[in-house]
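Report on one structure; see the data block that follows.
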Amino acid sequence: MTDQFRFDDRVVVITGAGAGLGRSHALDFARRGAKVVVNDLGGGGHGEGRGSEAADRVVEEIRSGGGEAVANYDSVEQGENIIRTALDNYDRVDVVVNNAGILRDSSFAKMTDEDWDLIYRVHALGAYKVTKAAWPVMLEQGYGRIVNTASAAGIYGNFGQANYAFAKRGLIGFTNTLALEGAKKGIKANVIAPVAGSRLTETILPREVVEALKPEFVTPLVVRLCAEESQENGSLFEVGAGWVSKLRWERSQGAFFDPDRELTAEAIDEAWDRIGDFSDAQRPKSIQDTFTPVFGNLGIKL
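With the working numbering applied, the sequence shown covers 189 to 490.
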């Protein structure tokens with residue numbers, strides 16, 4: 189079977205590509221003709237240590253299969269170095285997959301500043317730094333594809349993961365804004381919330397479940413989103429174990445109060461059932477959809 193989605197002459201940067209999801213992504217992009225920058229700090233799942241072995245192994249896998257790849261061992265906090273590796277070796281950057289991650293799980297009562305800061309620096313700051321370095325290159329090229337890796341914890345919250353949920357939810361808003369700013373420049377940005385077996389999930393899931401949640405069930409969605417043919421932009425997907433789903437916002441019609449009269453907590457309480465009634469829900473898609481009812485209640489048409 190011939191691959192419909194090819195990445196010949198495209199340069200793909202994948203962070204945290206030394207194992208798990210990142211490795212799976214790197215191998216498939218390379219198989220489809222991409223030149224791949226395999227970034228991995230080589231540290232542990234909690235942010236400790238570093239090394240070159242993980243990235244080197246994946247690069248060797250790619251090269252032994254006839255593909256092109258180069259390793260980078262920088263922290264995602266040094267995103268400019270990661271992108272510089274792509275430019276020095278291949279002179280362009282077409283795709284960025286922000287995949288690197290660690291866990292520092294703890295109940296909020298016991299969470300330390302270090303737990304919070306390390307998660308922020310890897311997941312949120314790291315995605316910013318890598319993307320920020322690639323952005324001007326993509327703008328100049330008039331082309332780019334970005335996939336950020338969020339989590340169900342960022343969508344719904346999860347006990348013991350206040351730090352992780354905060355960072356992952358932030359990536360959703362980050363992606364939405366990149367999608368708006370890049371749209372006219374040929375840059376598409378999307379975000380996935382994967383469930384997959386990795387060195388992170390193996391600490392919280394039974395071994396047999398981790399083994400069944402193959403990263404190879406997530407990679408095809410990433411490839412599809414990064415294809416030149418893809419026009420998907422600003423979307424959020426949940427994916428895992430052969431299931432792919434797209435999410436959207438939903439809100440109630442809400443309750444309107446006279447803006448010329450005093451609004452009280454008691455008045456809101458009386459309308460509580462209407463405020464929470466989703467039987468005729470709206471599906472807002474942009475910030476404009478927030479301004480419309482707000483200004484409409486003031487008699488201002490946008």
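In this text, a Cβ means the ideal position worked out from N, Cα and C, and glycines have one as well.
- Contact check for residue 311 against residue 352 passes: the beta carbons are separated by less than 9 Å.
- Contact annotation: residue 246 and residue 257 have beta-carbon atoms nearer than 9 Å.
- Unbroken beta strand (DSSP E) stretches of 3 residues or longer found wholly inside the region 339-410: 375-382, given in chain order.
- The three-state reading of DSSP puts residue 192 in coil, since its state is none of H, G, I, E or B.
- The count of Cβ pairs closer than 8 Å, one atom from the region 307-323 and one from the region 343-357, reaches three, so the stretches are in contact.
- For the pair residue 373 and residue 367, the CB atoms are not nearer than the 9 Å cut-off.
- Contact annotation: residue 363 and residue 338 have beta-carbon atoms nearer than 9 Å.
- Taking a contact to require three or more Cβ pairs closer than 8 Å, the region 221-228 and the region 193-210 qualify as touching.
- Assigned with DSSP and collapsed to three states, residue 268 falls in helix.
- In the same chain as residue 468, and ignoring 5 residues on each side of it, the C-beta atoms closer than 7 Å to its own belong to 441, in chain order.
- Following the DSSP letters along the chain, one finds residue 479 inside the alpha helix (DSSP H) bounded by residues 476-484.
- In this structure, residue 476 sits away from residue 438, with a CB-CB distance that is not shorter than 9 Å.
- Closest option to residue 241, judged by alpha-carbon separation, among 211, 269, 253, 268: 211.
- DSSP places residue 441 outside both helix and strand once states are collapsed to three, so it counts as coil.
- The count of Cβ pairs closer than 8 Å, one atom from the region 396-416 and one from the region 191-202, reaches three, so the stretches are in contact.
- Buried is the label assigned to residue 350, since at least 16 other Cβ atoms lie within 10 Å of its Cβ.
- Secondary structure at residue 428: strand, using DSSP grouped into helix, strand and coil.
- Out of 445, 455, 474, the CA that lies nearest to the CA of residue 487 is found in 445.
- By the criterion of at least three beta-carbon pairs nearer than 8 Å, the region 421-439 is in contact with the region 404-413.
- Annotation for residue 255: no beta strand (DSSP E) segment contains it, and DSSP assigns it neither H nor E.
- Take residue 282, set aside five residues on each side of it, and the residues of its chain with a beta-carbon closer than 7 Å to its own are 198, 199, 200, 331, 332, 333, in chain order.
- Residue pairing by DSSP places residue 286 opposite 336 in a beta bridge.
- For residue 478, the CB contacts under 8 Å within the same chain, skipping 5 residues up- and downstream, are 472 in chain order.
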